[in-house]
Amino acid sequence: MSESETNADVPPYRYTAAMAAEIEPRWQAYWADQGTFFAPNPAGELADSSHPRAGAPKLHVQDMFPYPSGAGLHVGHPLGYIGTDSYTRYKRMAGYNVLHPMGFDAFGLPAEQYAVQTGTHPRTTTEANVERYRGQLRRLGLAYDERRTFSTTDPDYYRWTQWIFLQVFNSWFDPDLRKARPIDELIESFASGERSVPGGSWDALSPEDRRGLIDDHRLAYVSEAPVNWCPGLGTVLANEEVTPDGRSERGNYPVFQRSLKQWMMRITAYGDRLVEDLDALDWPEPVKLMQRNWIGRSRGAHVDFPAAGDTKITVFTTRPDTLFGATYMVLAPEHDLVSALVPAAWPEGTQDVWTGGAATPGDAVAAYRAAAAAKTEEERTADAKVKTGVFTGAFATNPVNGTAIPIFIADYVLAGYGTGAIMAVPGQDERDWAFAEAFDLPIIRTVEAPEGFDGPFTGEGPAINSDWLNGMGVADAKAAMISWLEENGHGRGATTFRLRDWLFSRQRYWGEPFPIVYDESGLPIALPESMLPVELPEVDDFSPRTFDADDADSEPETPLSRKKDWVRVELDLGDGPKTYTRETNTMPQWAGSCWYELRYLDPRNDKALVEKENEAYWMGPQGPGDPGGVDLYVGGVEHAVLHLLYARFWHKVLFDLGHVSSFEPFRKLFNQGYIQAYAFRDARGMIVPADDVVERDGKWYYGEQEVVREYGKMGKGLKNVVTPDEMCDEYGADTFRVYEMAMGPLDVSRPWDTRAVVGSQRFLQRVWRLIIDEATGEVRATETPLDPKTRRALHQTIAGVREDMDELRFNTAIAKLIQLTNTLTPMETTSREAVEPLVLMMSPFAPHLAEELWRKLGHDGTLAYADFPVADPAQLVAESVTYPVQVNGKVRGRVEVAPDTAEAEVREAALAAVAEALGDREPRKVIVVPGRLVSVVV
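Below you can see the structure in the form of structure tokens.
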């Protein structure tokens, strides 16, 4: 029972949690039965010309959809959902056709691991979790169009995820047009001779060689890729799933760097567009910066260093002007050329420090490779670590001066970044300097440092020790060197990216199957669209094969690979029945979330991803330069890079191929803050249940033991979880909604305090009492007009609330509603002129209570489409304006006049107000600043 309900003399018609428990489900049922929040499409099954918002301006608002975990929601999860619900309810009342859907990102490792532990099918667990989430969200009164809901695990949904994969697979990126094109156009250009075939002609290639050539250009391709292999889990992990100390986030198993055949997405081809199109988006600048940094576009040159035989080592450098200072090279331990470069014995003059104590270069390289494989990328590239490496026994030639320079391998160079090789210029790079000092390598400065400067100089200055570049500034020297490299065949200007192609394979069961089979050549073949969806088969064992946690040389074995009758399949793909082998990896969890905003637009369409007219209406560009996309996308900043980057990539491919009219998926992004909570630790440092901690004399106690309070996130592990179900039981959903929106700005994290929730309940009780007699249940509202002062307060509130709602300032909107309620409460009679607008303005935050009061005030149906109040401009004009009157800069009086008083009259009144201060002095100048002040100079 809430604090407000503890008195035995509670009036029979007071708004309480018990009353909310009756009102709220009744209105939720009404909304569901009436389809209140259905949004009409312009075309197709969901079109409705009779809808009250048919033909109205559109608004597409979307939350980042949740993963339905078994734990359900805690009070932090719905913060953004309630925010978007409040905003869309307001906009619907303001005349917009509002699309506000909700689905579930339901593939994921937790359900699969639960299946491994219990034998329960992941679908069973997932569907139960989804239903729990639906119930929790419904209880909060969230106004979703329920016709448009889905889970990414629904075969009808992932059919289109597979279809998009096929669009990517059957495309290539044309660097001249900077866009994706159908793969058939590439085949035709090779066959016609328009595009040259490396090393020969199209006609001279065998069918397998032709397929191999085409596959090398596809936007989705199979490649040997360096991956994070976790034998203990039996799967490859994404970088974000590996802890900084090189172990799996889940299970804490060792993770090793391995090269394995994996599906990749050629996202790097879109690097320039992904960077440039950020300028068109209304996104928080910090998120744009995170994406730019993640993409990491760099301009410089590819430089070829000749090595043994005909071998060339290509590096990318952003500082080609420093080539004369390149005194050694470093390759990633995994680089393809390493094995070919290593000689049988150490060359004469090899320093001991270069060998790692090994008898031969081969032994040194093998040992170092094994050590590097046991480290994470973060460990390998940490600036503070001691630089390690070994000499390969081979040399390369610096192309600008012909000097032979030693080739090392070192773990701070990664195979997946750039070319996997660097030219080391210790005079201008801190890491190279540290490595050169550790291995006694020469250091040559190529940029003049200030006098007395010690260490690597990374600043600007004239070129030195660089032959024809000497004296040039950095920009001119870079341009001159790139021209020289291109003229002499030693390199070319280039742009590269920190971004790497997207690793798209997972060795798991609970994910989307690939619509791919392999023939006897081992090359991939796309299934026709008519065979979609490729559904997950039933299996007896959901776990990938696991290995000894330290067995770095083990090979993945997926759950699907053990389903032999599914893996080997006879199909007719146009040339008669043949036996094929299915792809047994599954797609990553990111796949389903890369395009879900499009499926919301046309969820029942079984003929197309989305009807073009519906996509253009909800997400199409609104004018020149507009990227299109979802009008407002709300979610946590933790998705700033991966989800948003992958979704932008897929959307751009679909745009290039003509499937969508918008070139970005999310026009405006808003990052909500987090609800945080206090946690408590005892003397052992162990977390104790927050609910059992009490405060005494400014200290905190668990039983009789003093505990320490700390502040951070809310979570089960911190034993401080509060669920929305508890709040709905204790206070009602509307009170919970109002409290969450009133706590502070939506984009700022804020502490949860259950004891403060009662304040929001009391506000709603005061609104209820304005309209309903708590003793009789009768409506108190009368037709008595408001007095002028209260009417002005009402319209000022309307104007302020509308402005706040448009800017997502829900906390200040609620503050204004509380202030208006406090203004109305002491009045002897309750005027309908005031309380009806108050109920309408309150409805986005407390929709159930507002609907109930609206009905009691004599209105039929729902207020969801009632017009949101509009302020009368005449009521916003102040009754009077007070002018401070200065004499020689000091305030000597004040004068109050009507706002529309002419300047001459203001001047006259001001002089009269300071007549005593002026005495006999004649003003030399009188300056009237309209609405602000009068300045008299004597």
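In the working numbering, the protein residues as written are 53 to 990.
Note that beta-carbon positions come from the ideal geometry of N, C-alpha and C, so glycine has one too.
Because the structure is a prediction, the values reported are computed rather than measured.
Are residue i and residue j close, meaning C-beta to C-beta below 7 Å?
i      : j      : result
Tyr142 : Met793 : no
Trp52  : Ser557 : Since the first and last residues shown for the chain are 53 and 990, residue 52 lies out of range.
Ala692 : Val113 : no
Glu609 : Arg620 : no
Ala91  : Glu665 : no
Pro278 : Ala467 : yes
Arg814 : Thr877 : no
Val591 : Pro611 : yes
Phe549 : Gly323 : yes
Val477 : Ala578 : no
Asp255 : Val686 : no
Ile459 : Thr444 : yes
Asn181 : Gly122 : yes
Ile216 : Trp647 : yes
Phe357 : Ile365 : yes
Ser713 : Gly672 : yes
Gly945 : Val937 : yes
From the DSSP secondary-structure annotation, give me the bridge partner or partners of residue i.
i      : result
Pro118 : DSSP output for Pro118 lists no bridge partner at all.
Glu622 : Thr631
Gly945 : Val937
His112 : Leu151
Cys282 : Thr287
Trp752 : Glu747 and Val759
Met639 : None; Met639 has no bridge partner.
Phe156 : Ser203
Ala546 : Gly352
Thr882 : Ala833
Would you call residue i buried or exposed, if buried means 16 or more other Cβ atoms sit within 10 Å of its Cβ?
i      : result
Gln724 : buried
Met53  : Reliability of the predicted coordinates at Met53 is poor, the pLDDT of 42 falling under 50, and the value obtained from them is presented with this limitation in mind. Exposed, by the Cβ-count rule.
Glu974 : exposed
Ala827 : exposed
Asn450 : buried
Asp683 : buried
Val989 : exposed
Ile979 : exposed
Phe447 : buried
Lys659 : exposed
Pro899 : buried
Met639 : buried
Thr170 : exposed
Leu816 : buried
Gln309 : buried
Ala956 : exposed
Asp297 : exposed
Here's a check: name, in chain order, each residue in its chain whose Cβ is nearer than 7 Å to the Cβ of residue i, leaving out the five neighbours to either side.
i      : result
Ala332 : Gly677, Pro679 and Glu716
Glu57  : Bear in mind that the predicted position of Glu57 carries a pLDDT of just 49, short of 50, making it unreliable; the figure below should be weighed with that in mind. Closer than 7 Å at the Cβ level, and outside the excluded window around Glu57, lie Thr68 and Ala69.
Gly971 : none
His126 : Met766, Val773, Val774 and Thr775
Leu486 : As written in the sequence, residue 486 is Ala, which differs from the Leu given in the question. So the qualifying residues of the chain are Lys439.
Trp642 : Leu694, His695 and Tyr698
Asp226 : Arg233
Asp838 : In the sequence as displayed, the identity of residue 838 is Leu instead of Asp. Answer for Leu838: Leu846, Ser883, Glu885 and Ala886, listed in chain order.
Val831 : Ile823, Ile824, Lys908 and Leu909
Gly507 : Trp485
Residues in its own chain within less than 6 Å of residue i by CB, not counting five upstream and five downstream?
i      : result
Glu55  : At Glu55, the pLDDT of 44 sits below 50, so the modelled position is not reliable; the number obtained from the coordinates is stated separately. Answer for Glu55: Val810, listed in chain order.
Pro64  : none
Thr881 : Thr834 and Thr836
Glu635 : Phe566 and Ile568
Val465 : Val382, Ala384 and Ile474
Arg959 : Val978 and Val980
What does a CB cutoff of less than 8 Å around residue i pick up in its chain, not counting 5 residues either side in sequence?
i      : result
Asp602 : Pro283 and Pro306
Phe599 : Pro283, Gly284, Gly286 and Ser606
* Starting from the N-terminal side, write out each stretch of the beta strand (DSSP E) that is 3 residues or longer and does not extend beyond the region 450-518. => Every beta strand (DSSP E) stretch that sits fully inside the region 450-518 and reaches 3 residues is listed by chain position as 456-461 and 473-476.
Any beta strand (DSSP E) of 3 or more consecutive residues that is wholly inside the region 653-689:
Taking only runs of at least 3 residues, the beta strand (DSSP E) segments lying wholly in the region 653-689 are 684-687.
Quick check for students: name the residue ranges of the beta strand (DSSP E) that lie wholly in the region 308-388, counting only runs of 3 or more. 308-317, 349-358, 364-369 and 380-383
List in chain order: all unbroken beta strand (DSSP E) runs of 3+ residues lying wholly within the region 57-85.
none
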